[in-house]
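Letter by letter, the sequence shown follows residues 497 to 730 in my numbering.
For every residue, glycine included, the Cβ atom is placed at its ideal position computed from N, Cα and C.
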Amino acid sequence: MLLMAEMATEDQAAMGAVSLETKARRLAARARSMDEDEGAKRGESQLRTAVAKLGEELTALAETVQLVRAVRSTGPHVDTDVELSKPMDELAKRVRDIGQPTSQYVQARTREVVSIRSTLTQAAQQGWQGWAQSQHDSLPLELIPRVEFYERERAQRVVRDLTLSIKAVPTIALVGKTRQDLMWLRSVLEKVESHELDGVIKNLPLVLADISEEDLLALRRDAEWARRLTLGLA
Numbered sequence: 497m498l499l500m501a502e503m504a505t506e507d508q509a510a511m512g513a514v515s516l517e518t519k520a521r522r523l524a525a526r527a528r529s530m531d532e533d534e535g536a537k538r539g540e541s542q543l544r545t546a547v548a549k550l551g552e553e554l555t556a557l558a559e560t561v562q563l564v565r566a567v568r569s570t571g572p573h574v575d576t577d578v579e580l581s582k583p584m585d586e587l588a589k590r591v592r593d594i595g596q597p598t599s600q601y602v603q604a605r606t607r608e609v610v611s612i613r614s615t616l617t618q619a620a621q622q623g624w625q626g627w628a629q630s631q632h633d634s635l636p637l638e639l640i641p642r643v644e645f646y647e648r649e650r651a652q653r654v655v656r657d658l659t660l661s662i663k664a665v666p667t668i669a670l671v672g673k674t675r676q677d678l679m680w681l682r683s684v685l686e687k688v689e690s691h692e693l694d695g696v697i698k699n700l701p702l703v704l705a706d707i708s709e710e711d712l713l714a715l716r717r718d719a720e721w722a723r724r725l726t727l728g729l730a
């Protein structure tokens with residue numbers, strides 16, 4: 497009886513040991529599964545973040561492309577020797593051939609988009625600055641004092657804004673406003689150039705006897721020239 501009791505006790509101990517080992521294995525397996533699930537969730541979160549960032553940069557790239565078109569529409573050449581679709585083409589190929597990309601892969605494509613946008617922004621700025629400078633240099637600024645007094649302040653402001661825009665980072669709004677302002681200013685200056693005073697002014701200085709009453713009246717009607725008229729003895 498004692499022997500049988502001892503054997504039963506040993507069997508229970510053995511079964512207990514097996515049971516504990518089994519539980520330990522199960523717990524270890526569950527822990528690994530939880531770690532894997534946590535890693536998968538972390539990976540999915542990182543991928544979502546990377547995709548969101550890529551979307552933001554693609555939106556910014558689209559805006560930069562619109563800026564390049566706006567600058568180019570004013571006349572200057574804008575060098576755009578870049579492959580706009582390359583990052584997204586590579587991403588689409590990766591998804592098609594392998595499946596869901598990693599967050600690191602998406603981040604690499606995002607860096608390519610940022611690089612393309614930077615190149616286009618620099619090209620647009622160079623094209624804009626060259627154009628704005630050429631427009632400024634071609635304006636007959638010596639005619640500004642002869643602009644009608646009620647338009648002269650605006651004309652001076654347009655010239656001042658154009659000067660500042662030469663060094664500015666262009667925007668679509670700036671390009672549009674500058675083009676409109678220049679169209680207005682050129683029309684105003686064209687009126688001054690065709691003014692009846694031109695024939696008199698280009699022949700100055702004149703002897704008083706050689707100036708007709710009509711020419712003298714025209715000079716007196718012009719506010720700027722009326723202030724500058726003086727009489728002198730030869």
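Contact set for residue i: own chain, Cβ-Cβ below 7 Å, skip 5 residues either direction
i      : result
Ile612 : Leu557, Val578, Leu580
Lys547 : Looking at the sequence itself, residue 547 is Val, so the reference to Lys does not match. Cβ neighbours of Val547 beyond the five flanking positions: Val602.
His632 : Leu658, Thr659, Ile662
Asp575 : Ala619
Gly512 : Confidence at Gly512 is low in this model, with a pLDDT of 49, below 50, so its placement is unreliable and no value can be given for it.
Residue i - containing alpha helix (DSSP H), residue span
i      : result
Lys643 : Before going on, a small fix: residue 643 reads as Val here, not Lys. Looking at the DSSP string, Val643 is not in any alpha helix (DSSP H), and its letter there is neither H nor E.
Lys571 : In the sequence as presented, Lys is not what sits at residue 571; that position holds Gly. Gly571 -> no alpha helix (DSSP H), and no H or E assigned at all.
Ser611 : 599-634
Pro583 : 582-593
Same chain, Cβ closer than 8 Å to residue i, neighbours up to 5 away in sequence not counted
i      : result
Arg675 : Thr570
Ala504 : Reliability of the predicted coordinates at Ala504 is poor, the pLDDT of 48 falling under 50, and the value obtained from them is presented with this limitation in mind. Excluding residues within five positions, none has a Cβ falling inside 8 Å.
Thr560 : Arg613, Leu616, Thr617, Ala620
Gln596 : Leu543
Leu713 : none
Leu681 : Leu635, Ala651, Val654, Val655
Leu670 : Ser661, Ala664
Gly649 : Before going on, a small fix: residue 649 reads as Glu here, not Gly. Hits under 8 Å: none found.
Gln629 : Ile662
Leu678 : Gln631, Val654, Leu658
Arg590 : Pro597, Tyr601
Chain-order list of residues whose beta-carbon lies under 6 Å from that of residue i (same chain, five-residue window excluded)
i      : result
Leu550 : Val602, Thr606
Trp624 : Val567, Pro666
Leu563 : Ala620, Ile668
Pro572 : Gly623, Gly626, Trp627
Leu587 : Arg605
Assumed close pair residue i, residue j - CB separation to whole angstroms, cut-off 8 Å
i      : j      : result
Leu637 : Val610 : Not confirmed; about 41 Å, so no contact.
Glu608 : Lys582 : 7 Å
Ala566 : Ile668 : 5 Å
Ser599 : Gly672 : Rounded, the Cβ-Cβ distance is 39 Å, inconsistent with contact.
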